[in-house]
Amino acid sequence: MSYRGRGRGGGYNNNYNNYNHGNRNQYSSGSHQQNVDAFVSANQYPIEIMGWNGASLTECINFISRKCKVIVSNYSVDSNTGVLKGYVKNESQANTLMDWSGVKFAGQPLRFSKGVSSLSNQMGGASGGSNSTIETITQFLRSRYQPELKMLNLSNVKQDPNLHAQGFFGSISVTSKFFPALMKVADDLKLDVVSIDLSNNELQDLQTLTSMAQTFPKLQNLSLQNNNFSRIKVFETWRHKLNFLRELILFNNPIVQTNNPTEIQNIKLELMKSFPRLIVLNGEILRNEQALDANLSFPFPPQQSMFFQDDDARNLATNFIANYIKLWDSNRAELMILYQNESQFSMQVDSSHPYLIDNSNSTDFGYYLTNSRNLTRVSSVKARMDKLAIGQEQIYKSFQKLPKTRHALFDKPDLFSMETYKFPSLNGIMITLHGSFEETAQPEVDPNTSSTPSGPRGGSRYHSAPKHKKIPLSKKSFDRTFVVIPGPNGSMIVASDSLMVRPYTTKFPWDARAASAAPLNPASAANPATATATPTPPPLQPQHPQPQVGIPGGVTPAIQVVSPTPTAADLPPEVKARFNQVQQEVLVKVLLETKLNINYGLMLLEQSNWDYQQASVNFKNSAASLPRDAFV
1 MSYRGRGRGG GYNNNYNNYN HGNRNQYSSG SHQQNVDAFV SANQYPIEIM GWNGASLTEC
61 INFISRKCKV IVSNYSVDSN TGVLKGYVKN ESQANTLMDW SGVKFAGQPL RFSKGVSSLS
121 NQMGGASGGS NSTIETITQF LRSRYQPELK MLNLSNVKQD PNLHAQGFFG SISVTSKFFP
181 ALMKVADDLK LDVVSIDLSN NELQDLQTLT SMAQTFPKLQ NLSLQNNNFS RIKVFETWRH
241 KLNFLRELIL FNNPIVQTNN PTEIQNIKLE LMKSFPRLIV LNGEILRNEQ ALDANLSFPF
301 PPQQSMFFQD DDARNLATNF IANYIKLWDS NRAELMILYQ NESQFSMQVD SSHPYLIDNS
361 NSTDFGYYLT NSRNLTRVSS VKARMDKLAI GQEQIYKSFQ KLPKTRHALF DKPDLFSMET
421 YKFPSLNGIM ITLHGSFEET AQPEVDPNTS STPSGPRGGS RYHSAPKHKK IPLSKKSFDR
481 TFVVIPGPNG SMIVASDSLM VRPYTTKFPW DARAASAAPL NPASAANPAT ATATPTPPPL
541 QPQHPQPQVG IPGGVTPAIQ VVSPTPTAAD LPPEVKARFN QVQQEVLVKV LLETKLNINY
601 GLMLLEQSNW DYQQASVNFK NSAASLPRDA FV
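Taking UniProt numbering, the leading residue of the sequence shown gets 1, the next gets one more, and so forth.
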């Protein structure tokens with residue numbers, strides 16, 4: 001079928017509930033099932049889209065339809081990750097989108113990936129249709145969930161009468177698809193789970209449970225007893241994914257039914273490598289929990305919302321920011337007295353924080369993207385210079401292109417954070433302000449229709465938005481850094497002004513209620529201040545005092561600070577015993593490049609899931625806040 005005539009936003013209805021809604025009662029059940037089949041056939045292959053946050057969801061879908069000639073239907077945004085999820089008609093269209101990964105939309109590349117198969121496809125012949133499948137699984141999950149314990153009981157699922165009656169275990173093929181479908185529904189229900197019981201399910205491997213690590217990444221207690229696990233390698237499926245797993249039960253599995261001490265010890269070591277916070281195995285304490293937490297934690301005190309190098313910096317910074325923000329919200333023209341011919345201003349957009357954004361807030365960066373000087377997006381030297389405003393005239397024009405705002409700095413100061421350092425080389429101070437603002441009115445000058453510093457090209461028909469189009473206003477978060485130096489007659493001059501605009505978030509790293517020295521979530525390693533405490537839940541079954549085993553002496557030894565090591569062979573013996581050869585090589589590489597000591601090098605890698613590229617990014621983001629003794 002040709003795509004012509006469908007229009008830019010064409011395709012299938014995005015909401016199944018609207019599908020033939022007006023004539024629903026005119027059809028028999030057979031015709032209704034045909035409608036279900038038609039809907040399912042149009043939504044065969046799920047896809048996931050990342051990097052779309054630069055504009056609205058609808059604009060992204062329409063862009064994909066025009067550019068890639070593929071229609072994405074039944075789309076929605078995952079509230080946890082910010083990933084845009086939808087469906088295409090067939091595998092060929094999914095592969096086409098994969099080929100388009102990297103195409104620029106709203107100034108940033110889109111990334112496509114294939115998602116988890118739709119439930120109707122996963123379950124095949126089970127149940128009477130996709131809606132019936134979802135309802136049955138939803139009812140099952142709710143009956144097995146204990147909210148007071150945050151526990152999900154998935155033991156002996158084949159004996160559940162409702163699932164059995166619906167044909168979920170009628171064949172090997174359908175049975176193998178049950179757990180992936182179950183995890184998909186559980187993810188949609190947003191169940192708060194810290195303990196799962198998967199006993200008595202005849203499990204031989206974890207192939208069908210791969211997605212459980214994504215659905216419940218903070219799982220702490222897991223029972224797999226009375227199954228058929230016979231090889232330790234099956235747990236590699238979850239390696240470095242269940243990073244908060246504290247207790248594991250494997251009773252009555254072939255893997256633990258051995259009397260060979262060496263084999264038992266190897267099993268314990270492998271499980272501790274797969275699950276970095278595993279403390280208890282079959283009721284036996286493997287390692288010292290307190291020492292482990294200390295080794296996996298950044299030893300920083302709770303974050304303070306305000307930091308000033310001294311009292312002089314405090315007085316100067318607070319007076320400056322209070323007056324500056326007041327004028328920024330009311331009359332930006334009066335701020336020009338603070339800028340001179342050599343003063344510089346730049347603005348950049350960073351929409352790459354899907355785990356922190358508040359998806360209830362519609363974010364559109366249309367007023368900012370034209371002049372965004374994000375150096376990770378703008379590589380041309382000429383373009384970088386064009387987007388740098390120098391002198392009063394250019395700076396004021398840049399201010400006019402930004403929406404009018406309101407900062408709740410005086411009403412809710414706890415929503416803001418400020419850091420101030422002296423800048424000796426210029427006899428000035430550097431002030432960084434973090435917080436959020438609310439857009440209250442359109443810019444005085446539309447940045448999409450006005451000329452850019454590079455000339456008339458910015459106003460051409462290829463680089464402007466329709467004049468009648470109004471970009472919706474919303475809340476946004478920001479980081480703004482000033483370098484302020486003394487001027488003549490006791491005045492102040494802004495030498496440098498850098499504004500970063502981000503998606504709005506209600507999570508503040510300086511919130512004392514969230515700050516803690518507890519173990520970090522690996523996803524937050526880029527900013528250690530965002531880590532929160534992880535409470536220890538009640539165990540799945542009563543524990544009995546056991547001798548500490550796993551590492552001789554029963555305690556995970558603190559690793560001594562050493563100088564950078566040239567090769568993996570020079571690492572301490574206790575490090576070699578805990579990590580494989582590949583991990584040792586990565587550790588050596590990180591130590592040599594970052595100059596961190598081994599303690600901090602291990603923290604960095606474990607909280608980056610042993611991904612070297614991610615570790616490099618995390619180190620750059622947190623290096624300035626590390627204590628001096630973190631380095632050799």
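No residue lacks a Cβ here, since even glycine has one placed at the ideal position from N, Cα and C.
Query: Contacting residues, own chain, Cβ-Cβ under 6 Å from Asn252 (five flanking each side not counted); Result: Gln225 and Asn226
Query: One or two residues paired with Pro503 in a DSSP bridge; Result: Lys476
Query: Cβ pair count under 8 Å reaching 3, the stretch 369-389 against the stretch 71-88; Result: no
Query: Outcome for His164 when other beta-carbon atoms lying within 10 angstroms are tallied against a minimum of 16; Result: exposed
Query: Beta-carbon proximity of Ile493 to Leu338, cut-off 9 Å; Result: yes
Query: Best match in Lys401, Asn282, Gly487 and Ile321 for proximity to Ser343 [C-alpha to C-alpha]; Result: Gly487
Query: Gln340 versus Ile395, Val349 and Trp328, residue with shortest Cα-Cα distance; Result: Ile395
Query: Backbone CA spacing between Ala533 and Ser199 [nearest angstrom]; Result: A caution first: Ala533 carries a pLDDT of 35, below 50, which makes its placement in the model unreliable, though a value can still be read off. Approximately 29 Å, taken between the alpha carbons.
Query: Alpha-carbon to alpha-carbon, Asn53 and Thr363; Result: 7 Å
Query: Distance, Lys476 Cα to Phe345 Cα; Result: 19 Å
Query: Extent of the continuous alpha helix (DSSP H) to which Lys326 belongs; Result: Asp311 to Ser330
Query: Segments of 4+ residues assigned as alpha helix (DSSP H) that fall wholly inside the stretch 136-176; Result: 161-165 and 172-176
Query: Beta-carbon spacing of residue 646, Tyr612 below 9 Å; Result: The question about residue 646 has no answer, for the chain in this structure spans 1 to 632.
Query: Member of Asn162, Gln204 and Ile137 whose CA lies at the smallest distance from the CA of Leu189; Result: Ile137
Query: Same chain, Cβ closer than 6 Å to Ser398, neighbours up to 5 away in sequence not counted; Result: Phe345 and Ala389
Query: Under the three-state DSSP convention, the category Ile390 falls into; Result: strand
Query: Beta-carbon gap between Ser171 and Asn201 smaller than 9 Å; Result: no
Query: Local Cβ density within 10 Å of Pro503, reported as buried at 16 or more and exposed below that; Result: buried
Query: Under the three-state DSSP convention, the category Lys376 falls into; Result: The sequence given here places Thr at residue 376; Lys does not occur at that position. It is coil, neither helix nor strand.
Query: With 16 other Cβ atoms within 10 Å as the buried cut-off, status of residue 635; Result: What is shown of the chain runs 1 to 632, which leaves residue 635 out entirely.
Query: Straight-line Cα distance separating Phe508 from Thr530; Result: Any answer about Thr530 is weak, because its pLDDT of 33 lies below 50 and its placement is not dependable; what the coordinates show is given next. Near 7 Å, if we compare the C-alpha coordinates of Phe508 and Thr530.
Query: Residue span of the beta strand (DSSP E) that contains Ala441, given as start and end; Result: Gly428 to Ala441
Query: Buried versus exposed call for Asp312 [16 or more other C-beta atoms within 10 Å across all chains shown]; Result: exposed
Query: Anticipated Cβ contact below 8 Å, Trp238 with Ser195, distance rounded; Result: At roughly 16 Å, the Cβ-Cβ gap does not stay under 8 Å, so Trp238 and Ser195 are not in contact.
Query: Euclidean distance between Cα positions of Thr420 and Gly428; Result: 11 Å
Query: C-alpha distance - Glu263 paired with Ile255, whole-angstrom precision; Result: 10 Å
Query: Straight-line gap, Lys241 to Gly82 (C-alpha atoms, nearest Å); Result: 20 Å
Query: Expected contact under 8 Å - CB spacing of Gln220 and Phe244 to nearest Å; Result: 5 Å
Query: Continuous beta strand (DSSP E) stretch holding Asn74: start and end; Result: Ser73 to Val77
Query: Residue from Val632, Thr208 and His407 with nearest C-alpha to Ser330; Result: His407
Query: Cα-Cα separation between Lys158 and Leu141, rounded to whole angstroms; Result: 14 Å
Query: Thr405 versus Arg480 - alpha carbon distance; Result: 14 Å
Query: Closest residue to Phe437 among Ile279, Leu110, Phe410 and Leu426 (Cα-Cα distance); Result: Phe410
Query: Terminal residues of the beta strand (DSSP E) in which Val185 lies; Result: Here Val185 belongs to no beta strand (DSSP E); instead the alpha helix (DSSP H) covers Phe178 to Leu189.
Query: Integer Cβ distance of Asp197 from Val234, believed to fall under 8 Å; Result: Between Val234 and Asp197 the Cβ distance is about 18 Å, and since that is not below 8 Å, they are no contact.
Query: Where Pro180 falls, given that 16 or more other Cβ within 10 Å makes a residue buried; Result: buried
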